[in-house]
Amino acid sequence: MFSTQFSLATRVLLPALLADFSIQLAGWSVAALLQTEKFYDLAGSASFVMCTYLSLFKPWAKENVSSNQVFHPRQILASSTTTVWACYIGWFLFKRVLKHGDKRFDKVRRMPGRFLIYWFIQGVWVALTALPVYLTNSIPAENHPAIGVQDIIGFALWGAGFAFAVVANFQKERWRKEIGKNYKRSFISHGLWSLSRHPNYFGECALWFGSYLFSSNAFHSAVEEQLLSKWMVRLAVFSPIFVTILITRVSGIPLLEREDDRRLRDVVAYWKYKKETSMFVPTWPRSVE
Numbered sequence: 055m056f057s058t059q060f061s062l063a064t065r066v067l068l069p070a071l072l073a074d075f076s077i078q079l080a081g082w083s084v085a086a087l088l089q090t091e092k093f094y095d096l097a098g099s100a101s102f103v104m105c106t107y108l109s110l111f112k113p114w115a116k117e118n119v120s121s122n123q124v125f126h127p128r129q130i131l132a133s134s135t136t137t138v139w140a141c142y143i144g145w146f147l148f149k150r151v152l153k154h155g156d157k158r159f160d161k162v163r164r165m166p167g168r169f170l171i172y173w174f175i176q177g178v179w180v181a182l183t184a185l186p187v188y189l190t191n192s193i194p195a196e197n198h199p200a201i202g203v204q205d206i207i208g209f210a211l212w213g214a215g216f217a218f219a220v221v222a223n224f225q226k227e228r229w230r231k232e233i234g235k236n237y238k239r240s241f242i243s244h245g246l247w248s249l250s251r252h253p254n255y256f257g258e259c260a261l262w263f264g265s266y267l268f269s270s271n272a273f274h275s276a277v278e279e280q281l282l283s284k285w286m287v288r289l290a291v292f293s294p295i296f297v298t299i300l301i302t303r304v305s306g307i308p309l310l311e312r313e314d315d316r317r318l319r320d321v322v323a324y325w326k327y328k329k330e331t332s333m334f335v336p337t338w339p340r341s342v343e
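The sequence shown begins at 55 in the numbering used here and counts up one residue at a time.
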């Protein structure tokens with residue numbers, strides 16, 4: 055039992071993690087030298103794609119040298135959705151940083167040691183966020199149960215979350231282009247942004263909960279067949295929770311809220327919008343007298 059589980063960790067998780075942190079280290083080396091954060095998000099996306107590829111195809115395994123590998127539909131679903139999201143978010147953030155920069159790195163891009171911490175955290179983010187995907191890819195196709203209701207619900211949630219994030223990002227991108235130089239005194243409050251102050255982040259969290267649902271549907275049988283250890287499965291449960299905590303309590307929403315409060319401190323309409331509109335979960339605006 056121990057050897058089977060240790061083999062899984064060695065042959066799937068460890069190579070993926072090695073690739074993940076190698077990409078971060080290489081990215082930091084170049085970024086620190088050039089004192090730029092321009093390709094920080096691209097490195098994160100590349101890590102997601104590489105880890106997904108390695109966990110699915112396992113190119114280091116002798117039995118996978120041939121091109122006749124068989125994948126379960128769940129593995130294809132988990133890998134393709136993760137790759138689609140990674141490519142989208144990487145390109146979107148890369149375009150944004152080229153236009154507007156990234157204030158998170160204003161004080162650290164010229165301090166290699168502190169700059170490295172950001173790249174290390176990104177490596178941890180890549181490892182934990184898609185852990186359910188890496189684990190479901192590690193399970194042999196013949197040991198996967200058939201696609202069921204949980205998979206369908208998970209995929210529907212992923213699709214809804216992804217669509218929500220894409221539409222919200224598109225609306226804000228178009229609004230910022232239209233508003234031009236008036237950005238410092240303006241805020242977006244139409245479309246999905248009338249239902250939530252951060253609908254793009256809500257969509258991202260929702261899609262990772264969906265990804266966990268369809269990826270984890272194979273975990274129970276894998277534990278029973280001693281292909282996965284219980285601690286791995288328990289850690290995978292933390293994946294979407296980790297993303298949500300990170301976005302709502304650490305690096306996403308708190309930073310933007312502080313920036314908007316400072317930038318719009320004298321705009322009465324903004325404070326009314328903030329009181330009436332949900333911070334995260336979309337709801338109909340409430341009237342505040």
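For glycine and all other residues, C-beta sits at the position ideal for the given N, C-alpha and C.
If we ignore side chains and look at the alpha-carbon of each, how far apart do VAL345 and GLU278 end up? No information on residue 345 is available, as it lies outside the stretch 55 to 343 that the chain covers here.
If you follow the alpha helix (DSSP H) that VAL321 is in, where does it begin and where does it stop? By one-based count along the sequence shown, residue 321 stands at place 267. Counting along the chain, VAL321 falls outside any alpha helix (DSSP H), and DSSP gives it neither H nor E.
Answer yes or no: do LEU246 and PRO336 have a C-beta to C-beta separation smaller than 8 Å? By 1-based counting over the sequence shown, the position of residue 246 is 192. By 1-based counting over the sequence shown, the position of residue 336 is 282. Their beta carbons are under 8 Å apart, which means LEU246 touches PRO336 by this criterion.
Taking the alpha helix (DSSP H) that MET104 falls in, what are its first and last residues? As a position in the sequence shown, residue 104 is number 50, starting the count at 1. Here the alpha helix (DSSP H) through MET104 covers 94–111.
Is the Cβ-Cβ distance between ALA132 and VAL187 less than 8 Å? Looking up residue 132 in the sequence shown gives position 78. Looking up residue 187 in the sequence shown gives position 133. A contact, by the Cβ cut-off of 8 Å.
Taking DSSP as the reference, what is the three-state secondary structure of THR337? As a working mapping, residue 337 is identified with position 283 in the sequence shown. Three-state result, THR337: coil.
SER286 in three-state terms, based on DSSP: Taking the first residue of the sequence shown as 1, we reach residue 286 at position 232. A quick correction: the sequence has Met, not Ser, at residue 286. Note: MET286 maps to helix in three-state DSSP.
Counting Cβ pairs closer than 8 Å, one from the region 262–272 and one from the region 218–231, do we hit at least three? no
Quick one: give me the first and last residue of the alpha helix (DSSP H) that PHE273 is part of. Here residue 273 refers to the residue found at position 219 when the sequence shown is read from its first residue. Taken as a continuous stretch (DSSP letters only), the alpha helix (DSSP H) holding PHE273 covers 273–278.
Under the three-state reduction of DSSP, which class applies to TRP173: helix, strand or coil? Indexing the sequence shown from 1 puts residue 173 at position 119. Of the three classes helix, strand and coil, the one that applies to TRP173 here is helix, per DSSP.
PHE273 to PHE256 span [Cα, whole Å]: For this step, residue 273 is matched to residue 219 along the sequence shown. For this step, residue 256 is matched to residue 202 along the sequence shown. Rounded to the nearest angstrom, the two C-alpha atoms are 26 Å apart.
Would you call the CB atoms of ARG128 and PHE268 closer than 8 Å? Counting from one through the sequence shown, the residue named residue 128 turns up at place 74. Counting from one through the sequence shown, the residue named residue 268 turns up at place 214. Their beta carbons are under 8 Å apart, which means ARG128 touches PHE268 by this criterion.
Between SER240 and TYR327, how many whole angstroms is the CB-CB distance? I'm expecting something under 8 Å. For the purposes of this step, residue 240 is taken as the residue at position 186 of the sequence shown. For the purposes of this step, residue 327 is taken as the residue at position 273 of the sequence shown. About 11 Å; that fails the 8 Å criterion.
Would you tell me roughly how many angstroms separate the C-alpha atoms of PHE111 and GLY167, rounded to the nearest one? Here residue 111 is taken as the residue at index 57 of the sequence shown, counted from 1. Here residue 167 is taken as the residue at index 113 of the sequence shown, counted from 1. Approximately 35 Å between the Cα atoms of the pair.
Can you tell me whether ARG251 is buried or exposed, with buried defined as 16 or more other CB within 10 angstroms of its CB? Position 197 of the sequence shown holds residue 251. ARG251 should be labelled buried.
Any idea if ALA200 is buried or exposed, counting beta-carbon neighbours within 10 angstroms, 16 or more meaning buried? Here the question's residue 200 lines up with position 146 in the sequence shown. With fewer than 16 Cβ atoms within 10 Å of its Cβ, ALA200 is classed as exposed.
Which first and last residues belong to the alpha helix (DSSP H) in which HIS154 is found? As a position in the sequence shown, residue 154 is number 100, starting the count at 1. Segment 127–154, the alpha helix (DSSP H) holding HIS154.
Taking the Cβ atom as the reference point for each residue, do GLN123 and SER101 lie within a distance shorter than 8 Å? In the sequence shown, the residue the question calls residue 123 occupies position 69. In the sequence shown, the residue the question calls residue 101 occupies position 47. Cβ distance not < 8 Å, so GLN123 and SER101 don't count as in contact.
Through-space distance from GLU232 to ASN197, alpha-carbon basis: For this step, residue 197 is matched to residue 143 along the sequence shown. For this step, residue 232 is matched to residue 178 along the sequence shown. Whole-angstrom Cα-Cα distance: 53 Å.
Please state whether the Cβ-Cβ distance between GLY208 and GLU258 is less than 8 Å. Sequence index remark: in the sequence shown, residue 208 carries index 154 (1-based). Sequence index remark: in the sequence shown, residue 258 carries index 204 (1-based). Cβ distance not < 8 Å, so GLY208 and GLU258 don't count as in contact.
Integer Cβ distance of GLY144 from GLY98, believed to fall under 8 Å: Locating residue 144 in the sequence shown gives position 90, counting from the first residue. Locating residue 98 in the sequence shown gives position 44, counting from the first residue. Right, their Cβ atoms sit about 7 Å apart.
What does a CB cutoff of less than 8 Å around ARG288 pick up in its chain, not counting 5 residues either side in sequence? Here residue 288 is taken as the residue at index 234 of the sequence shown, counted from 1. The answer is none, since no qualifying residue turns up.
From which residue to which residue does the alpha helix (DSSP H) around GLN78 run? Translated into the one-based positions of the sequence shown, residue 78 becomes position 24. It spans 68–88 - the alpha helix (DSSP H) in which GLN78 sits, taken as one unbroken run.
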